[in-house]
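A.B. asks:
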């Protein structure tokens, strides 16, 4: 296969495999493990991680795909999860494109936000659709516990997604330059003398 | 160049949102036999072997997590369960006496004994998927129309009624649990007068049920068992056979006197179902007295 074509399809293929694996693991195992009466939800975390790593368009497309798959597999109303996860993927990607946050705990904060948005968004859409479902403190409590659990899981999920996605990402000059600044090696703010020692031909006084 | 990128990004997001909204609107207004539902069933059919395999492969992970969860829970339940055992032993003694009496009376009336669950041709099925959120109380099982399962078949698990089959494919089915907002079951309290009502999910309490339309003077007490009525009135027949346990009365309070309602806790642990029984012949062998 042409090398350029292979590079071009590598990311979509990895994202498709990741989406299928996430939905299967979520529905076959994670959703059946009860933690304080609720369970973790890996799907918004994976969408958030893809957005943070690959940008807004891959994030939004991944959100749409995972959401559709979840709705299909669980026999839910099609389009609800997709709609919510598009927003999660897109805004995680925009955060990366606009701010490029480098702090190690960013996935935790964004994961908590993404899970809260998914929980509250699902409730709002269901009410708008007129579903006669429980409206209570218990619903808020369940959303809150899911957010807490997902916040704890956000870092490992982000690390796992990074292992899958990062090798297929094109080199990002902005990120490489920032990494160089943070190590102090190539920052233009530093004087050549302090970076390389004494410049040839300059005075030593 | 930059504006082109921005335009492309916005176009992609707008397209995805539009597709989602179209799907949502189309699906919501469709009947269960429409194209989108058919496609959804097809995808579930394709997915089911993968889900089944993954469910079996990941069972040890679930079991380990379940062990920790159960250990924490068990300690707090010991006293409560001891009290329950004492109460149930007393009830069992009463029930055994009543059973003997019932058998004698049934023989006299030549009614067929419909209490045995084997009469209803149960099919054992494994739960391969469950929906974790509050909005859809459903589970997916690995038996379908090839095994004789039909829409509306009652489903038992953990020794009690858990729900009803609502979607059937050749190899998989979707079971809607009794705690789903779409469910209602005709139920009877095993009090001194056998009062009947309609059991529906409690609003705001996803693991709780409410037995409605009881006589306000019914002698209902906490701890009394609730089971299915299995009524028959002319051509109208209950989906559920009679005598299947559902749960027990957990709270009576003023709601009984004011609204004819009592709180019922399901007997089955609906969040930890692994194997269920689908009653494929729910009306077999039932010859019951007809309601007026």
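Protein chains in written order, with the numbering used here: chain A, 117 to 321; chain B, 15 to 306. Where is the CB? At the ideal position from N, CA and C, for every residue including glycine. Everything numeric in this text was worked out from a predicted model, so none of it was measured.
1) Show which residues of chain B have a CB atom less than 9 Å away from the CB atom of residue 195 of chain A.
2) Which one of B:265, B:177 and B:229 has the shortest CA to CA distance from residue 259 of chain B?
3) Where does the unbroken alpha helix (DSSP H) through residue 260 of chain B begin, and where does it stop?
4) Would you say the segment 100 to 119 of chain B touches the segment 16 to 32 of chain B, given that touching needs at least three Cβ pairs under 8 Å?
5) Between residue 151 of chain A and residue 261 of chain A, what straight-line distance do the alpha-carbon atoms span, to the nearest angstrom?
6) Looking at the ligand NAD, does it come within less than 7 Å of residue 126 of chain A, judged from the CB to the closest heavy atom?
7) Within 10 angstroms of its Cβ, does residue 132 of chain A collect 16 or more other Cβ (buried), or is it exposed?
8) Just checking: is the beta-carbon of residue 54 of chain B within a distance shorter than 8 Å of some beta-carbon in chain A?
9) Which residues in chain B sit within 7 Å of residue 257 of chain A, going by Cβ to Cβ distance?
10) I'd like the ranges of any alpha helix (DSSP H) spanning at least 4 consecutive residues and lying wholly in the segment 29 to 83 of chain B.
11) Indicate the three-state DSSP secondary structure (helix, strand or coil) for residue 291 of chain B in the structure shown.
12) Determine, for residue 219 of chain B, whether the minimum Cβ-Cβ distance to residues of chain A falls below 8 Å.
13) I want to verify the contact list: residues of chain B whose CB lies under 7 Å from the CB of residue 225 of chain A, in sequence order.
14) What in chain B is Cβ-close to residue 208 of chain A, meaning under 9 Å?
15) Hey, quick one: how far does the alpha helix (DSSP H) through residue 234 of chain A stretch, first residue to last?
16) What in chain B is Cβ-close to residue 245 of chain A, meaning under 7 Å?
17) Where do the N-terminal and C-terminal ends of the beta strand (DSSP E) with residue 141 of chain B fall, by residue?
18) Check residue 275 of chain B in the structure and name its three-state DSSP category.
19) Candidates B:187, B:182 and B:234: which alpha carbon is nearest residue 142 of chain B's?
20) Taking Cβ to Cβ, would you say residue 276 of chain B is nearer than 8 Å to residue 289 of chain B?
21) With 8 Å set as the bound, which would you pick, yes or no: does the beta-carbon of residue 254 of chain B sit closer than that to a beta-carbon of chain A?
22) Per DSSP, residue 239 of chain B forms a beta bridge with which residues?
23) Cα-Cα, which of A:281, A:134 and A:164 is closest to residue 222 of chain A?
24) Could you name the residues of the segment 64 to 77 of chain B whose beta carbon sits closer than 7 Å to any beta carbon of chain A, in the order they occur along the chain?
25) Helix, strand or coil for residue 196 of chain A per DSSP?
26) Among residues of its own chain, excluding the 5 on either side of residue 255 of chain A, which ones have a beta-carbon nearer than 7 Å to its beta-carbon?
C.D. replies: Taking the coordinates as given:
1) 33, 34, 35, 36, 37, 38, 39, 40, 41 and 42
2) B:177
3) Not the alpha helix (DSSP H): residue 260 of chain B falls in the beta strand (DSSP E), residues 259 to 265.
4) no
5) 8 Å
6) Among the ligands in the structure shown, none appear at all, so the ligand NAD cannot be discussed.
7) exposed
8) yes
9) Those within 7 Å of residue 257 of chain A in chain B number zero; the least Cβ separation is about 11 Å.
10) 49 to 71
11) strand
12) yes
13) None at all; the shortest Cβ gap to chain B is about 23 Å.
14) Chain B residues near residue 208 of chain A: none, gap ~13 Å exceeds 9 Å.
15) 222 to 244
16) 42
17) 136 to 144
18) coil
19) B:187
20) no
21) no
22) B:262
23) A:164
24) 64, 65, 68, 69, 72, 75 and 76
25) helix
26) 239
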